[in-house]
Amino acid sequence: MITLYLAEDQSMLSSALAQLLDLEDDLKVLGTSGDGQTAWLDISHLKPDIAILDIEMPKATGLDVADDILAAGLKTKVIILTTFAQKAYFERAVKAKVGGYLLKDSPSDDLVKAIRQVMAGQTIYDPELVRNMVNASDNPLTQQEMAVLKAAADGETTKGIADKLFLSNGTVRNYLSAIFSKLGVHNRLEAVNLAKNNKWLV
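No gaps in the numbering here: position 185 of the sequence shown is 185 in the UniProt record's numbering, and each next residue is one more.
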């Protein structure tokens with residue numbers, strides 16, 4: 001039996017994931033939490049085989065918890081689940097010797113398979129994440145921001161981007177504002193041209 005601990009601040013996702021993992025004959029979820037501080041306290045006490053950690057959580061990030069697990073010499077292996085394909089996050093996860101680094105929108109079967117592989121001593125990095133890291137260079141944009149920018153490059157309106165990515169119009173505007181700020185540009189055309197010049201958009 002592989003014992004698991006799940007730390008995820010979106011309670012609906014956490015509950016669904018815990019139930020899904022518990023359906024597997026060889027997996028058992030010992031506990032869950034919605035913040036990094038509680039996660040670390042629980043993990044240090046429960047000592048699960050594998051801790052599945054979200055990066056962005058209140059009080060302490062999943063990477064903070066991974067660092068604590070490594071520093072304490074616990075045998076608990078770590079799988080990071082993330083929506084963020086940021087180079088700095090990935091590099092820090094590698095330094096923390098995490099066993100897996102996967103995207104949240106990966107099929108659940110991939111996570112179950114990764115848990116068994118990590119337990120067997122393998123290191124599993126999502127191929128899409130690795131590709132993004134190799135191609136990212138100094139791209140400061142998150143994966144979701146890149147998806148918005150790509151849709152903008154395809155000529156989509158704000159509403160078109162929202163429909164395509166299942167976001168609200170307001171959320172798309174927020175993403176665009178963040179993109180302009182990070183890239184130091186004033187509009188979509190400038191952002192798209194900069195991304196194409198840096199080969200972030202093909």
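The beta carbon of each residue, even a glycine, is placed where N, CA and C say it ideally should be.
Only a predicted model underlies this, so the values are computations on that prediction, with no experimental measurement involved.
Sequence-distant residues of the same chain with beta carbon closer than 7 Å to residue 37, five excluded per side: Counting only Cβ-Cβ distances below 7 Å, and skipping sequence neighbours, we find 59 and 60.
Which stretch, first to last residue, makes up the alpha helix (DSSP H) that contains residue 159? DSSP places residue 159 inside the alpha helix (DSSP H), whose first and last residues are 158-165.
Alpha carbon to alpha carbon, what distance is there between residue 23 and residue 254? The requested residue 254 is not part of the displayed model; the chain covers only 1 to 202.
Helix, strand or coil, according to DSSP, for residue 42 in the structure here? DSSP places residue 42 within a helical segment (H, G or I) once states are collapsed to three.
Bridge partner(s) assigned by DSSP for residue 89: Looking at the DSSP assignment, residue 89 forms no beta bridge with any residue, so it has no partner.
Could you give the distance in angstroms between the alpha-carbon of residue 72 and the alpha-carbon of residue 52? In this model, residue 72 and residue 52 are separated by some 17 Å (Cα to Cα).
Out of curiosity, what's the CA-to-CA distance linking residue 165 and residue 148? Straight-line Cα distance between these residues: approximately 8 Å.
Alpha carbon to alpha carbon, how far is residue 111 from residue 126? Spanning the two alpha carbons is a distance of roughly 10 Å.
Distance, residue 162 Cα to residue 48 Cα: Rounded to the nearest whole angstrom, the C-alpha separation of residue 48 and residue 162 is 40 Å.
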